[in-house]
Ligand code: IMP
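In this note's numbering, the protein residues as written are 3 to 418.
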């Protein structure tokens with residue numbers, strides 16, 4: 003019985019929150035390894051929707067332990083507000099939520115800096131200070147949670163901000179934030195090592211997606227962390243041998259928020275239809291998401307980067323209304339065929355998608371739970387994806403609800 007990683011195989015918003023919540027039943031610890039409160043993981047339980055930004059999505063089930071690893075960047079106010087919000091909704095985390103003492107802290111100047119940088123060069127970030135915090139981490143001038151909870155930290159911060167009045171409110175909050183956060187802080191690498199020694203099962207929760215990964219994504223239009231499975235080991239302080247299986251999560255189509263090239267983007271009525279049917283607006287920022295057909299060149303690349311053992315395809319029902327469904331199998335640049343995802347933005351903007359077209363199923367797949375119940379045309383579309391990627395589908399999600407999920411035989415292999 004191994005450990006499992008659930009990673010975004012596209013540009014984020016694939017529906018990882020629901021999947022992590024669902025599979026967490028089979029695991030003891032759910033661990034976030036990167037990103038920050040730029041994430042918005044939605045979990046729907048009995049018709050009620052909860053959006054999580056930092057708290058691991060599998061923590062809704064009593065007794066599950068959550069870890070926010072050293073690879074995550076933490077804005078103390080955002081974390082405490084989220085804990086309070088969830089406690090008000092009836093969930094408690096005392097004794098089962100752990101924050102790494104080595105995680106870096108997002109401070110007010112990270113947000114200010116991002117505002118300035120976005121004015122100069124638009125990436126379309128979530129404006130949460132994520133990038134500047136990771137910059138300071140790499141530049142060796144950041145602060146860790148271990149620094150933040152020390153009583154002399156306030157003095158250090160006063161030196162950083164001088165008399166900057168914009169920081170006054172935050173500085174006045176620091177003592178209270180410090181006391182509230184302290185009880186959650188621990189050496190998470192040691193905690194995980196002990197859990198592994200006791201035979202506990204770990205579930206690794208990725209945020210954003212592989213195509214936004216700082217190394218492997220559509221650079222520079224990416225986030226600043228290692229979203230792909232490779233980030234798990236460094237982001238949690240565990241050896242790579244403890245990542246046993248990887249599940250890549252992809253929508254049955256594609257979305258992206260923010261700037262950057264997107265070869266299969268639909269800037270037409272079809273794109274609007276997908277946006278409307280899929281409610282494709284940012285969970286945190288409310289921004290309309292860019293929509294398009296599934297891009298198998300990108301997804302194949304993503305499967306490769308993550309070493310994905312299986313796929314979860316989400317939001318299949320959004321395609322129910324389509325007469326025909328297209329899927330991109332290669333690109334063309336002039337008369338040249340491109341089958342590998344290009345590294346440079348300049349190449350990617352020139353890529354024209356080459357599509358394979360499938361007849362739509364034009365029937366309702368919303369909330370279906372049985373493989374046999376899927377329309378034949380939907381199954382054909384899904385079989386093509388499996389064949390093209392040489393990767394089995396383990397699950398299909400047909401609504402935001404936990405149980406509206408179709409399981410394939412590959413699911414059992416994934417859990418073994
Ligand atoms: P940042 O993570 O705020 O620095 O934003 C960098 C890029 O990643 C922007 O294009 C964002 O829209 C995108 N991004 C960040 N977080 C998410 C997410 O949770 N879902 C989808 N896109 C995201």
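From the three backbone atoms N, C-alpha and C, an ideal C-beta is built for every residue, glycine too.
So if DSSP puts residue 7 in a beta bridge, which residue, or which two residues, is it bridged to? Here residue 7 refers to the residue found at position 5 of the chain shown. Answer is 206, 248, bridged to residue 7.
Please report how far the alpha carbon of residue 360 lies from the alpha carbon of residue 385, in whole angstroms. Indexing the chain shown from 1 puts residue 360 at position 358. Indexing the chain shown from 1 puts residue 385 at position 383. Each residue's Cα considered, the two are about 12 Å apart.
What residues in its chain sit with their C-beta under 7 Å from that of residue 190, if we drop five residues either side in the sequence? Position 188 of the chain shown holds residue 190. Same-chain partners within the cutoff: 69, 71, 72, 100, 102, 238, 239.
Fully enclosed by the region 87-165, which beta strand (DSSP E) runs are 3 residues long or longer? Complete beta strand (DSSP E) runs here, min 3: 99-102.
Ordered list of beta strand (DSSP E) runs contained in the region 331-416, each at least 3 residues: 338-340, 354-361, 395-399, 407-409
Going by DSSP, what residues sit across from residue 197 in a beta bridge? On the chain shown, position 195 is the one that residue 197 refers to. Per DSSP, none; premise fails for residue 197.
I want to check one thing, is the minimum distance from the CB of residue 225 to the heavy atoms of ligand 1 below 7 Å? For this step, residue 225 is matched to residue 223 along the chain shown. It does: the Cβ of residue 225 is within 7 Å (strictly closer) of some heavy atom of ligand 1.
The alpha helix (DSSP H) enclosing residue 276, as first and last residue numbers: Here the question's residue 276 lines up with position 274 in the chain shown. Residue 276 -> alpha helix (DSSP H) spans 271-279.
Selected residue, minimal CA-CA separation from residue 372, among 391, 362, 400, 383: Sequence index remark: in the chain shown, residue 372 carries index 370 (1-based). Closest by C-alpha distance to residue 372, out of 391, 362, 400, 383, is 400.
Can you tell which of 75, 320, 333 has the C-alpha that lies nearest to the C-alpha of residue 112? Position 110 of the chain shown holds residue 112. Nearest of 75, 320, 333 to residue 112, Cα basis: 75.
Paired residues, beta bridge with residue 262 - DSSP: Position 260 of the chain shown, counted from the first residue, corresponds to residue 262. In the DSSP output, where bridge partners are listed per residue, residue 262 has none listed.
Evaluate residue 28 with the Cβ neighbour count: other Cβ atoms within 10 Å of its Cβ, from every protein chain shown; 16 or more gives buried, anything less gives exposed. Numbered from 1 along the chain shown, position 26 holds the residue referred to as residue 28. Burial state of residue 28 is exposed, judged by a 10 Å Cβ sphere holding fewer than 16 other Cβ atoms.
Tell me the DSSP secondary structure of residue 190 in three-state form. Residue numbering aside, residue 190 sits at position 188 when the chain shown is read from its first letter. Three-state result, residue 190: helix.
Just verifying my parser: in three-state terms, what is the DSSP assignment at residue 56? For the purposes of this step, residue 56 is identified with residue 54 of the chain shown, where counting begins at 1. It is coil, neither helix nor strand.
Quick one: what does DSSP say residue 319 is sitting in, helix, strand or coil? Here residue 319 refers to the residue found at position 317 of the chain shown. Looking at residue 319 - three-state DSSP - the assignment turns out to be helix.
Pick from 136, 245, 122: whose alpha carbon is nearest that of residue 308? In the chain shown, residue 308 corresponds to position 306, counting from 1. Among 136, 245, 122, the Cα nearest to that of residue 308 belongs to 245.
Should residue 214 be listed as close to ligand 1, given that the test is whether its C-beta is under 7 Å from any heavy atom? Walking along the chain shown from the start, residue 214 turns up at place 212. At least one heavy atom of ligand 1 lies closer than 7 Å to the C-beta of residue 214.
Starting from the C-beta of residue 321, find all residues in its chain whose C-beta is less than 6 Å away, skip the five residues before and the five after it, and write them out in chain order. Here residue 321 refers to the residue found at position 319 when the chain shown is read from its first residue. Within the same chain, residue 321 has close Cβ partners 254, 327.
Are residue 257 and residue 293 closer than 8 Å when you measure CB to CB? For the purposes of this step, residue 257 is taken as the residue at position 255 of the chain shown. For the purposes of this step, residue 293 is taken as the residue at position 291 of the chain shown. Going by C-beta atoms, residue 257 is nearer than 8 Å to residue 293.
Looking at the unbroken alpha helix (DSSP H) that takes in residue 31, where does it start and where does it end? On the chain shown, position 29 is the one that residue 31 refers to. Counting along the chain, residue 31 falls outside any alpha helix (DSSP H), though it belongs to the beta strand (DSSP E) covering 31-34.
How far does the beta strand (DSSP E) with residue 47 in it extend, from its first residue to its last? Walking along the chain shown from the start, residue 47 turns up at place 45. Where residue 47 is concerned, the enclosing beta strand (DSSP E) stretches over 43-47.
Determine whether the beta carbon atoms of residue 18 and residue 10 lie at a separation below 8 Å. In the chain shown, counting from the first residue as 1, residue 18 sits at position 16. In the chain shown, counting from the first residue as 1, residue 10 sits at position 8. Contact flag set, yes.
Consider the C-beta atom of residue 210 and the heavy atoms of ligand 1; say whether any pair is separated by less than 7 Å. Translated into the one-based positions of the chain shown, residue 210 becomes position 208. Yes, the beta carbon of residue 210 sits closer than 7 Å to at least one heavy atom of ligand 1.
Are residue 350 and residue 220 closer than 8 Å when you measure CB to CB? Here residue 350 is taken as the residue at index 348 of the chain shown, counted from 1. Here residue 220 is taken as the residue at index 218 of the chain shown, counted from 1. Going by C-beta atoms, residue 350 is nearer than 8 Å to residue 220.
Relative to the C-alpha of residue 242, which residue among 46, 89, 198 is closest? Here residue 242 is taken as the residue at index 240 of the chain shown, counted from 1. Among 46, 89, 198, the Cα nearest to that of residue 242 belongs to 198.
Does the region 155-168 come into contact with the region 38-45, if we say contact requires no fewer than three beta-carbon pairs (one atom in each stretch) closer than 8 Å? No, because fewer than three Cβ pairs between the region 155-168 and the region 38-45 fall closer than 8 Å, the two stretches do not touch.
Please check the pair residue 127 and residue 120, which I expect to be a contact at CB under 8 Å, by giving their CB distance rounded to whole angstroms. Numbered from 1 along the chain shown, position 125 holds the residue referred to as residue 127. Numbered from 1 along the chain shown, position 118 holds the residue referred to as residue 120. Rounded, the Cβ-Cβ distance is 6 Å, consistent with contact.
What first and last residue would you give for the beta strand (DSSP E) that runs through residue 70? Position 68 of the chain shown, counting from 1, holds the residue named residue 70. Residues 67-70.
Could you check whether the Cβ of residue 106 sits closer than 7 Å to any heavy atom belonging to ligand 1? The residue you call residue 106 lines up with position 104 of the chain shown. Result no, Cβ not under 7 Å from ligand 1.
Give me the Cα-Cα distance between residue 83 and residue 97, rounded to the nearest whole angstrom. Along the chain shown, one-based indexing puts residue 83 at 81. Along the chain shown, one-based indexing puts residue 97 at 95. Those two C-alpha atoms are separated by around 18 Å.
Would residue 144 and residue 135 be called neighbours here (beta carbons separated by less than 8 Å)? Position 142 of the chain shown, counted from the first residue, corresponds to residue 144. Position 133 of the chain shown, counted from the first residue, corresponds to residue 135. The beta carbons of residue 144 and residue 135 sit closer together than 8 Å.
The alpha helix (DSSP H) enclosing residue 237, as first and last residue numbers: Here residue 237 refers to the residue found at position 235 when the chain shown is read from its first residue. That run of the alpha helix (DSSP H) goes 233-238.
Drop a sphere of 10 angstroms on the beta-carbon of residue 16, count the other beta-carbons inside from all chains shown, and report buried for 16 or more, exposed for fewer. Against the chain shown, residue 16 aligns to sequence position 14. Its Cβ being crowded by 16 or more others within 10 Å, residue 16 is buried.
Distance CB(residue 311)-CB(residue 249) smaller than 8 Å: Indexing the chain shown from 1 puts residue 311 at position 309. Indexing the chain shown from 1 puts residue 249 at position 247. Cβ distance < 8 Å, so residue 311 and residue 249 count as in contact.
Whose C-alpha, out of 408, 116, 288, 177, is nearest the C-alpha of residue 398? Numbered from its first residue, the chain shown carries residue 398 at position 396. Ranked by Cα distance from residue 398, the first of 408, 116, 288, 177 is 408.
For residue 2, is the classification buried or exposed, using 16 other Cβ atoms within 10 angstroms of its Cβ as the cut-off for buried? Absent from the model: residue 2. The displayed extent of the chain is 3 to 418, so no value can be given.
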